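As numbered in the UniProt record's numbering, residues 1 to 215 make up the sequence shown, in order. Even glycine gets a Cβ: it sits at the ideal position worked out from N, Cα and C. As the structure is a prediction and not an experimental result, all values here were calculated from the model. Scroll down for the structure; my scribbles are underneath it.
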Amino acid sequence: MLLLLLLLLLLLLQLRLLQLLLLLLLLLLLLLLLLLLLLLLLLLLLLLLLLLLLLLLLLLLLLLLLLRLLLQLLPRLLQLLLLLLLLLLLLLLQLLLLLLLLLLLLLLLLLLLLLLLLLLLLLLLLLLLLLLLLLLLLQLLLLLLLLLLLLLLLLLVLLLLLLLLLLLLLLLLLLHHYFYCYFLQLVRLSLRRRTTNGRPTTDRWTTTDGRPRDD
């Protein structure tokens with residue numbers, strides 16, 4: 001009985017552990033979904049930054065083409081001023097390009113970190129699933145042990161009942177033998193009744209000389 005109670009307690013604890021593991025699995029799945037959403041957002045930002053870079057490069061090419069045309073048409077002083085302005089614009093564009101490249105690098109690093117975290121969460125999820133499977137197997141084993149214990153108890157009860165039946169049969173056989181012997185003794189005593197002088201007794205079945213009556 002104590003073993004059965006212990007097994008039941010273990011089953012209850014395993015059920016609680018299974019519930020906790022399921023909650024942890026749900027939380028991990030939610031975290032994985034959030035990480036995937038963040039990865040998608042980062043990818044979108046990267047695409048936008050790349051588009052901005054392309055636009056800036058196109059703008060730079062257009063400015064260079066305009067500069068070439070204007071240098072052919074304008075006088076010398078205006079050409080110098082325009083060159084200075086274009087140089088400043090080019091510097092600004094280069095700074096913007098550098099900033100965009102830095103942002104791209106940061107986003108890539110963040111993306112890599114998120115991917116690593118995602119892999120770690122996946123590994124943890126797999127470990128939890130394995131642990132859950134082990135707990136389920138352990139629960140099945142405990143259930144099998146409970147069934148075996150119940151079967152053993154039933155077998156013990158059946159053996160006790162069989163022993164009781166055997167004892168009752170032995171008692172009945174002894175009583176039968178005792179009554180049978182007692183009955184045979186009574187029959188012998190009734191057939192061999194004698195008087196104290198050695199003469200046969202008279203009764204309703206025999207005559208005075210010991211012969212059986214005719215009637």
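Pair within 9 Å by beta-carbon distance, residue i and residue j
i	j	result
residue 114	residue 38	yes
residue 32	residue 122	yes
residue 67	residue 86	yes
residue 24	residue 117	no
residue 104	residue 40	no
residue 110	residue 42	yes
Residue i (DSSP reduced to helix, strand or coil)
i	result
residue 192	coil
residue 197	Legend: pLDDT at residue 197 = 47, less than 50; position of this residue unreliable, value from coordinates given subsequently. It is coil, neither helix nor strand.
residue 37	helix
8 Å contact criterion, which residue i and residue j should meet: CB distance rounded
i	j	result
residue 108	residue 89	Going by Cβ atoms, the distance from residue 108 to residue 89 rounds to 28 Å, so no, they are not a contact pair.
residue 97	residue 55	Not confirmed; about 11 Å, so no contact.
residue 28	residue 124	6 Å
residue 93	residue 60	5 Å
Cβ of residue i within 9 Å of any chain B Cβ
i	result
residue 115	Protein chains in the displayed structure number just one, and chain B is not present.
Fully enclosed by the segment 158–188, which alpha helix (DSSP H) runs are 4 residues long or longer? none
Could you tell me which uninterrupted beta strand (DSSP E) segments, each at least 3 residues in length, are contained entirely in the segment 78–158, listed from first to last along the chain? none
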